[in-house]
Each structure stands twice: as structure tokens, then as C-alpha cells.
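Written out below as C-alpha cells is the structure these notes cover.
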């Protein structure tokens with residue numbers, strides 16, 4: 079019995095050892111899927127940076143689209159403004175166009191008068207007679223007009239005009255022609271002076287109107303956010319800039335043309351004085 083119990087224990091121990099030996103590989107096989115699951119969970123995480131790398135490439139296109147479609151530019155100002163703001167812009171545009179037109183026209187007139195002065199200096203005083211000298215002057219010029227007025231005064235000294243001394247009558251006609259020439263040179267300068275003095279205030283009116291729109295937008299929205307006030311405030315600043323851009327060239331053009339007119343009229347008065355003396359002397363000899 080003792081031997082039988084000992085052999086039974088030996089068999090139980092051998093069976094237990096065999097089972098423990100066979101269970102170790104099965105446990106190891108069941109434990110291996112955990113690392114594969116970890117690898118599978120880390121694979122998407124490693125793949126996620128790919129979309130992030132693509133997103134920055136699309137951002138410059140969006141920025142370029144925003145730069146091309148500027149909601150605060152001149153075009154947006156015109157489309158988003160009301161009747162009063164558009165009227166201010168049109169008025170400033172008319173002022174600017176008129177100023178540049180007058181500047182160009184007066185420069186051409188002054189150039190013509192300067193050329194006529196050189197012609198008078200070179201040909202008129204070298205002529206053999208008074209009428210030959212008048213014929214040598216440029217047609218439709220200020221000097222030709224003054225010379226014709228002085229010469230025609232000797233032929234028009236008749237009737238009641240004979241009671242006026244011939245010398246005074248000739249001087250009156252020559253001086254009248256000079257005054258008309260000076261009035262012609264002054265044409266357009268008053269417009270430049272008006273534009274130079276009023277266009278800043280016209281632009282300031284547009285500025286006040288834009289600020290009014292900004293305050294209205296703040297009151298309606300109930301918050302002073304930048305998207306509510308950027309448009310109206312930008313409109314106000316643009317109006318101020320346009321008003322100054324119109325006024326400054328007008329003021330500079332007025333001062334420049336007035337200074338050139340003074341120099342030109344000095345030459346005209348000098349010519350008219352000498353012409354008056356020549357006509358009076360010729361009429362006295364006649």
C-alpha cells in the first residue's frame with residue numbers, strides 16, 4: 079500500500095509538471111497580440127502628420143485670395159458708400175481734373191507768350207516802319223494785339239475823340255490792350271485758388287461722414303469690434319487723403335503760374351511802353 083501511494087504521488091507530480099510545461103507556450107502565444115495592438119494604435123498616430131503637412135501648402139492660396147479681394151480698398155469704398163459719400167468723391171474728382179486742365183492750358187499759353195516776346199525782340203524793333211514791325215509779330219499773340227490796338231488808335235482819332243490829345247488817346251488804347259492781356263493771363267487762377275482752399279474741407283466733410291457711419295455701426299451692433307468700424311474709418315481716412323491730394327497740386331500750380339505771369343506781364347508792359355513812344359513819335363512826324 080505504501081508503494082502504491084508513493085507511485086500514485088509520483089504520477090500526479092509528473093502530470094502536473096507536464097501540464098505546466100504545455101501551458102507556458104499557450105500563455106506566451108496569448109500574450110503576443112498585445113504588442114501588435116500597440117503597433118496598430120501607434121500607426122495612425124504616425125500617419126496623422128501627413129494631413130498637417132498638406133494644410134500649410136493651401137494657406138498661401140487663401141492669403142492671395144484675400145489680397146486680391148480687399149474689402150477696404152477704393153473699389154469697396156465706392157461700392158459700399160452712400161449717395162453723399164459718392165457725391166463728395168465725384169466733386170473732388172472734378173476739382174482735380176479741372177486743376178490739371180487749367181495747369182496744362184496755362185502752361186501752353188505762357189509758352190506761347192514767351193515765344194512771342196522773343197519774336198518781338200528779334201523782329202519788331204528791326205523793322206523799317208511801324209506797320210512792317212506790326213506785321214512781323216506772331217498772329218493771335220498778345221504782342222500783335224497790343225501793337226494793332228496802338229496803331230489803330232491813330233486812325234480812330236476822329237469825332238468827339240479829337241478832343242482827347244492824341245498822345246493820351248494812344249496811351250489809353252495801348253494800356254487798355256495791356257489790361258485785357260493781363261486779364262486773359264489771370265483766367266483760371268481763381269479756380270485753382272478756390273480748389274486749393276476748399277478741397278481740404280470737402281475731404282474733411284467726407285471724413286466726418288465716414289466717422290458718423292462708424293459710430294452708427296457701433297451703435298447698431300452694440301460692440302466696437304474692428305470688423306464693424308474698419309470700413310467706415312477707412313472711408314474717412316481715404317476722404318481726407320483725397321482732399322489733400324486735390325488741394326496740394328492746386329496750391330502749387332497757382333503759386334507757380336502766378337509767378338510766371340508776373341514775369342511775362344513785366345515784359346509785356348515794357349514792350350507796350352516802348353510801343354507807345356514809337357506810335358506817338360510816328361504820329362507827331364505825320
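Numbering (the working numbering), first residue to last: 79 to 364. Ideal Cβ placement from N, Cα and C applies to all residues, glycine included. Owing to the predicted nature of the structure, the values given are computational and were not obtained by experimental measurement.
Cα-Cα separation, residue i to residue j
| i | j | result |
| --- | --- | --- |
| residue 332 | residue 240 | 43 angstroms |
| residue 311 | residue 334 | 35 angstroms |
| residue 237 | residue 182 | 45 angstroms |
| residue 235 | residue 319 | 59 angstroms |
| residue 27 | residue 280 | Limits of the chain in this structure are 79 at one end and 364 at the other, which puts residue 27 out of reach. |
| residue 210 | residue 202 | 8 angstroms |
| residue 327 | residue 166 | 18 angstroms |
| residue 208 | residue 190 | 23 angstroms |
| residue 273 | residue 360 | 48 angstroms |
| residue 322 | residue 188 | 27 angstroms |
| residue 315 | residue 278 | 12 angstroms |
Collapsed DSSP secondary structure at residue i in the structure displayed
| i | result |
| --- | --- |
| residue 160 | coil |
| residue 262 | helix |
| residue 333 | helix |
| residue 218 | coil |
| residue 226 | helix |
| residue 243 | coil |
| residue 235 | coil |
| residue 174 | helix |
| residue 200 | helix |
| residue 136 | Confidence at residue 136 is low in this model, with a pLDDT of 41, below 50, so its placement is unreliable and no value can be given for it. |
Contacts around residue i, its chain only, beta-carbon distance under 6 angstroms, and the 5 residues preceding and following it disregarded
| i | result |
| --- | --- |
| residue 350 | 224, 252 and 256 |
| residue 343 | 260 |
| residue 62 | For residue 62 there is no data in the structure shown, the boundaries of the chain being 79 and 364. |
Contact set for residue i: own chain, Cβ-Cβ below 7 angstroms, skip 5 residues either direction
| i | result |
| --- | --- |
| residue 247 | 231, 235 and 239 |
| residue 86 | Here the model assigns residue 86 a pLDDT of 47, short of 50, so the residue's position is not dependable, and the following value carries that caveat. Hits under 7 angstroms: none found. |
| residue 353 | 224, 225, 228 and 252 |
* Asked: Would you call the segment 162-181 and the segment 271-288 touching, i.e. three or more CB-CB distances under 8 angstroms?
  -> yes
* Asked: Is it true that the segment 207-222 meets the segment 188-195, where meeting means three or more beta-carbon pairs spaced less than 8 angstroms apart?
  -> Segments in contact, yes.
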